[in-house]
Structure formats: C-alpha cells, structure tokens
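Below is one structure, written out as structure tokens, with a few remarks after it.
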Amino acid sequence: SGIKSVNKVPHGDMKGVIRTFGNGGLFGYTGMFYNKKFGSMTWYCTQRRNYILIVKTDNKQVVISPDDPDGFMSDLVAVQPGLVTENP
1 SGIKSVNKVP HGDMKGVIRT FGNGGLFGYT GMFYNKKFGS MTWYCTQRRN YILIVKTDNK
61 QVVISPDDPD GFMSDLVAVQ PGLVTENP
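The opening residue of the sequence shown carries number 1 in this note's numbering; numbering runs sequentially from there.
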C-alpha cells in the first residue's frame with residue numbers, strides 16, 4: 001500500500017552513483033546513495049546489477065538487486081499489475 005511504482009533500471013542509469021552514507025563492498029551495498037538521474041536513494045543491494053527501483057508513496061526511492069529481476073517483476077505484476085511502470 002505504500003508503493004507508488006516499481007521498475008527495472010538499466011545498469012547504465014546507475015553510473016556516477018555516490019555513496020552518501022552507508023556501506024559498499026564485500027557484503028553488499030546498503031545505505032544512502034545519490035546520482036544525477038534519480039537523486040537520493042536508499043539501497044538494499046547485494047550486487048551492482050539487476051537494479052529494481054521502488055518509489056514509495058512519499059516519493060522516497062529504494063533500490064534492490066534481486067538475483068532474478070525478471071522473475072521478481074513477473075511475480076509483482078501477477079500480484080499488483082498497476083505498480084510496474086515502463087520507465088524509471
């Protein structure tokens with residue numbers, strides 16, 4: 001109920017990401033990150049690929065990186081089709 005939209009993000013759109021507060025490296029990428037295209041984001045990622053951008057109803061952005069992003073998105077469409085958008 002607190003999610004406005006969910007979409008896959010091409011790897012190239014995450015170029016120039018800067019960690020503003022958090023952890024990045026051996027055990028994943030968590031915390032606050034920023035880039036020019038998306039602005040401030042909270043990351044809960046285990047890898048630097050397969051990005052999924054979740055925009056909450058308060059316009060905060062969360063990025064996750066599931067191992068199977070296509071499976072994640074198809075499961076999400078099955079449950080709540082209106083959440084998935086074409087462009088981030």
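Beta carbons: idealized from backbone N, C-alpha and C, even for Gly.
Item to check | C-alpha distance - Phe38 paired with Thr30, whole-angstrom precision | outcome: Here the question's residue 38 lines up with position 38 in the sequence shown. Here the question's residue 30 lines up with position 30 in the sequence shown. So the alpha carbons of these two residues sit roughly 16 Å apart.
Checklist entry - Of all the alpha helix (DSSP H) runs that stay within the bounds of the region 20-72, which reach a length of 4 or more residues? => result Runs of the alpha helix (DSSP H) inside the region 20-72: none found.
Item to check | Beta carbon of Gln95 nearer than 7 Å to that of Ser65 | outcome: With the chain running from 1 to 88 in the structure shown, residue 95 is simply not present.
Item to check | Continuous beta strand (DSSP E) stretch holding Ser1: start and end | outcome: Along the sequence shown, one-based indexing puts residue 1 at 1. Neither: Ser1 is in no beta strand (DSSP E) and is coded neither H nor E.
Item to check | Whole-angstrom distance between Leu76 and Lys56, CA atom to CA atom | outcome: The count along the sequence shown starts at 1 and reaches residue 56 at position 56. The count along the sequence shown starts at 1 and reaches residue 76 at position 76. For the pair Lys56 and Leu76, the Cα-to-Cα distance works out to about 15 Å.
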